[in-house]
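Shown next, in structure tokens, is the structure this report addresses.
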Amino acid sequence: MNIEEAKKILGREFGFTVDFANMILQDLKLSKDAKILDIGTGIGNLAIMLALNGYKVVTGEPEEDDSTYAKQDWLVNAKKVNVSHLIEFKHFDAKDTPFEGNTFDAIFFLGSLHHIEKEDHEKVLKECTRISKSNGVICIFEPNAKGIKLIKNFNASHPDAADPSEYAKDFNLSLRKIEGDFFDAFTFGGKWNK
Ligand SMILES: C[S@@+](CC[C@H](N)C(=O)[O-])C[C@H]1O[C@@H](n2cnc3c(N)ncnc32)[C@H](O)[C@@H]1O
Numbered sequence: 000m001n002i003e004e005a006k007k008i009l010g011r012e013f014g015f016t017v018d019f020a021n022m023i024l025q026d027l028k029l030s031k032d033a034k035i036l037d038i039g040t041g042i043g044n045l046a047i048m049l050a051l052n053g054y055k056v057v058t059g060e061p062e063e064d065d066s067t068y069a070k071q072d073w074l075v076n077a078k079k080v081n082v083s084h085l086i087e088f089k090h091f092d093a094k095d096t097p098f099e100g101n102t103f104d105a106i107f108f109l110g111s112l113h114h115i116e117k118e119d120h121e122k123v124l125k126e127c128t129r130i131s132k133s134n135g136v137i138c139i140f141e142p143n144a145k146g147i148k149l150i151k152n153f154n155a156s157h158p159d160a161a162d163p164s165e166y167a168k169d170f171n172l173s174l175r176k177i178e179g180d181f182f183d184a185f186t187f188g189g190k191w192n193k
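The letter at position 149 of the sequence shown is residue 148 when you use numbering that gives the first Met the number 0, and the numbering goes up by one with no holes.
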């Protein structure tokens, strides 16, 4: 199934971010057998978009997360668009994941970093550099001012966005920022300072 058909089935919540995330994905030119991790499953939008592109995806969130953002119906959505077989779910905390070092070609966050305590962001980034392959990419989508305003119209207590660019220098990572309508993409690559 293509993304346009999936948008019709999954509706506005999927359509809100998928076109921009898909454009960034195409630009990364990952190989079809790339090892991909999606941090923060939520409703599954990013994992589903990756799977609609034919990628196998590992995705997860902490088992103990009882917020409204976790334990959502991502599997129901993945089944509706016939991609559940490409998505493997695992419970994990981004600060201390169960994955071996040098595992992933690409690690994605879509609207997840700001749901992780700011004091833990450096630890999370450090863990990402550990589990990333040395030529891998870490791609973080965070809502911009327009996106946050829209989200807060539905949920006033939603946290503010994070600014991943704060961490590029600490980890000696090259950073490319691409601005979208509601989300911006921060893509880290280069020589990891492991
Ligand atoms: C708004 S949802 C993300 C939306 C999702 N990426 C999508 O594409 O639909 C935020 C996610 O971050 C996850 N999260 C919060 N703290 C986390 C942590 N320490 N490690 C991994 N995931 C975490 C939550 O459990 C939730 O799945």
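The beta-carbon is built from N, C-alpha and C at its ideal position, and this holds for glycine as well.
The model shown is predicted, which means the values in this text are computed figures rather than measured ones.
DSSP bridge partner residues for residue i (one or two, in chain order)
i, result
"PHE103", "SER131"
"ARG175", "THR186"
"ASP95", "ASP92"
"LEU36", "VAL57 and ILE106"
"GLU141", "ASP183"
"VAL136", "ALA105"
"ILE221", "Only positions 0 to 193 of the chain appear in the structure, and residue 221 is not among them; the question remains open."
Pair within 8 angstroms by beta-carbon distance, residue i and residue j
i, j, result
"GLU60", "GLY43", "no"
"SER164", "LEU174", "yes"
"GLY135", "ASP104", "yes"
"CYS127", "THR186", "no"
"GLY179", "PHE13", "no"
"VAL17", "LYS28", "no"
Identity of the residue in the options nearest residue i by Cα
i, options, result
"LYS125", "PHE13, VAL57, THR96 and LEU174", "THR96"
"GLU121", "ILE23, ALA33 and ALA161", "ALA161"
"TYR166", "ASP119, LYS34 and TRP73", "ASP119"
"GLY53", "GLY41, SER66 and ASN81", "ASN81"
"HIS84", "HIS114, GLN25 and ASN76", "ASN76"
"LEU74", "LYS89, GLU63 and ASP183", "LYS89"
"LYS132", "ASP159, GLY100 and ASP92", "GLY100"
"ARG129", "THR102, ILE23, GLY14 and GLU141", "THR102"
"LYS79", "ALA144, PHE170 and GLU4", "GLU4"
"ILE86", "ASP64, ILE35 and LYS94", "ILE35"
"ALA93", "LYS168, GLU63, ALA144 and PHE153", "GLU63"
"THR67", "PHE170, ASP26, HIS114 and PHE91", "HIS114"
"PHE170", "ASN154, GLY188 and LYS176", "GLY188"
Residues near residue i in its chain [Cβ-Cβ closer than 7 angstroms; skip 5 each side]
i, result
"ASN21", "ILE2 and MET48"
"LYS31", "GLY53"
"PRO142", "GLY110, ILE150, ALA160, PHE181 and PHE182"
"ILE8", "LYS79 and VAL80"
"MET0", "LEU51, VAL80 and ASN81"
Same chain, Cβ closer than 6 angstroms to residue i, five either side skipped, listed in chain order
i, result
"ASP37", "LEU45, ALA46, VAL56, THR58 and PHE107"
"ILE23", "ALA184"
"LYS117", "none"
Any C-beta of chain D under 8 angstroms from that of residue i
i, result
"SER173", "Of the protein chains in the structure, only one exists, and it is not chain D."
Beta-carbon proximity list for residue i, same chain, < 8 angstroms, skipping 5 on both sides
i, result
"HIS157", "ILE147, ILE150 and LYS151"
"ALA69", "THR40, GLY41, GLU60 and PRO61"
"ARG11", "none"
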